[in-house]
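Just so you know, the sequence shown maps onto residues 22 to 259 in the numbering used here. Just so you know, even glycine gets a beta-carbon here, dropped at the ideal spot from N, CA and C. Here the structure comes first, spelled out in structure tokens, and everything after it is commentary.
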Amino acid sequence: MLRVDDNGERIPLTIADASIEKGTIVVVCHEVGKTTKKLGKLKAGDHIFDLLGPLGKPAEIENYGTVLCVGGGVMVAPLHFQARAFHEAGNNVIGVVGARTEGQLIFEKEMREICDELYVTTDDGTKGHKGLAFLKELLEKKKIDRVVVMGPIVTLKAVSELTRSKGIPTIVNLIPIMVDAMGMCGACRVTVGDQTMFACVDGPDFDGHQVDFEELMARLKMFTPQEKLAFVFHEEGE
Ligand SMILES: Cc1cc2nc3c(=O)[nH]c(=O)nc-3n(C[C@H](O)[C@H](O)[C@H](O)COP(=O)(O)OP(=O)(O)OC[C@H]3O[C@@H](n4cnc5c(N)ncnc54)[C@H](O)[C@@H]3O)c2cc1C
Ligand code: FES
Numbered sequence: 022m023l024r025v026d027d028n029g030e031r032i033p034l035t036i037a038d039a040s041i042e043k044g045t046i047v048v049v050c051h052e053v054g055k056t057t058k059k060l061g062k063l064k065a066g067d068h069i070f071d072l073l074g075p076l077g078k079p080a081e082i083e084n085y086g087t088v089l090c091v092g093g094g095v096m097v098a099p100l101h102f103q104a105r106a107f108h109e110a111g112n113n114v115i116g117v118v119g120a121r122t123e124g125q126l127i128f129e130k131e132m133r134e135i136c137d138e139l140y141v142t143t144d145d146g147t148k149g150h151k152g153l154a155f156l157k158e159l160l161e162k163k164k165i166d167r168v169v170v171m172g173p174i175v176t177l178k179a180v181s182e183l184t185r186s187k188g189i190p191t192i193v194n195l196i197p198i199m200v201d202a203m204g205m206c207g208a209c210r211v212t213v214g215d216q217t218m219f220a221c222v223d224g225p226d227f228d229g230h231q232v233d234f235e236e237l238m239a240r241l242k243m244f245t246p247q248e249k250l251a252f253v254f255h256e257e258g259e
């Protein structure tokens, strides 16, 4: 969780790389609204107001056999960090990286260096496969032991639906609205099976076959009018 300045809101970003030797972390941020735009305006050498983390449960990394790592949009960056860990744990790693269009694809090179096989998808077909339909065929052809998905909720849901009938364990990385990231405010509440969980402390990784994606999508839109207003005020100098 970070704050760009002392007036700002705290936003959650996922660690996309880290170096214990250098004492650094990497986060990759898509500028979508007021706070992420402010962050994007910072230059090398500038500082942010504060940073809290790492938070939540660490990703489960073991030798499962063949792990299919599927990522969409900005979340391909943290996916590459997990894909590397699966590779180092001895897994055969198959990667799928996607974006709306070719120009928005990120971390393809980094994923290619890690993965035993890599597939590229774009929603508009400008590069690689068009959409995720080809995944169905891939799941028929290959023996996959575990699937990990990071990206927009529609992607998490679509991949979980594809793997459900095959019984392939599918871990989805959830990014609901977060406020305190401490398990106290309830903003990140998600329903998983018959349980209410808080993604910030119980997650962010959950069993994709158990998550109530419809509820999650509805909750993500809760503050849309306020977010749009905050952005307009910010762009017009408050
Ligand atoms: C656990 C987690 C990890 C994330 N990791 C990344 C990442 O690595 N890279 C990245 O670019 N983005 C990531 N996000 C999303 C990022 O936090 C939001 O894009 C950001 O908070 C938007 O703030 P804003 O003021 O720029 O835009 P706003 O206009 O406030 O919001 C734009 C959209 O972002 C989402 N959002 C807004 N506030 C929050 C919030 N407090 N928590 C979660 N989502 C919010 C909403 O869906 C909203 O529609 C992550 C979110 C979560 C919960
Ligand atoms: S963000 Fe407050 S409980 Fe998770």
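Proximity below 7 Å, CB of residue i to CB of residue j
i, j, result
"glycine 229", "valine 193", "yes"
"proline 225", "leucine 195", "yes"
"arginine 121", "aspartate 71", "no"
"cysteine 221", "glycine 204", "yes"
"threonine 171", "glycine 92", "Strictly speaking, residue 171 in this sequence is methionine, with threonine absent from that position. Against a cut-off of 7 Å, the Cβ pair of glycine 92 and methionine 171 comes out as a contact."
"valine 211", "leucine 237", "yes"
"aspartate 166", "threonine 87", "yes"
Residue i, enclosing beta strand (DSSP E) - first and last residue
i, result
"threonine 87", "87-93"
Span separating the alpha-carbon of residue i from that of residue j
i, j, result
"lysine 148", "valine 141", "7 Å"
"aspartate 114", "arginine 133", "Checking the sequence, you will find valine at residue 114 rather than aspartate. Straight-line Cα distance between these residues: approximately 10 Å."
"threonine 56", "tyrosine 85", "38 Å"
"histidine 68", "glycine 61", "12 Å"
"aspartate 145", "valine 95", "17 Å"
"phenylalanine 234", "methionine 218", "13 Å"
"histidine 150", "phenylalanine 227", "27 Å"
"histidine 73", "lysine 163", "What sits at residue 73 in the sequence shown is leucine, not histidine. So the alpha carbons of these two residues sit roughly 40 Å apart."
"proline 99", "glutamate 257", "33 Å"
"alanine 39", "valine 48", "9 Å"
"proline 76", "isoleucine 32", "In the sequence as presented, proline is not what sits at residue 76; that position holds leucine. Taking the straight line from one Cα to the other gives about 12 Å."
Sequence-distant residues of the same chain with beta carbon closer than 8 Å to residue i, five excluded per side
i, result
"isoleucine 135", "His101, Ala104, Arg105, His108, Val114, Gly116"
"valine 180", "Val91, Leu153, Leu156, Val168, Val170, Thr191, Val193, Gly229"
"glutamate 52", "Lys58, Leu60, Gly61"
"cysteine 50", "Leu34, Thr57, Leu60, Gly61, Val95"
Cβ shell of residue i (< 6 Å), same chain only, five flanking positions each side left out
i, result
"phenylalanine 128", "Val97, Ala98, His101"
Same chain, Cβ closer than 7 Å to residue i, neighbours up to 5 away in sequence not counted
i, result
"proline 197", "Cys209, Val211, Ala220, Leu237, Arg240, Leu241"
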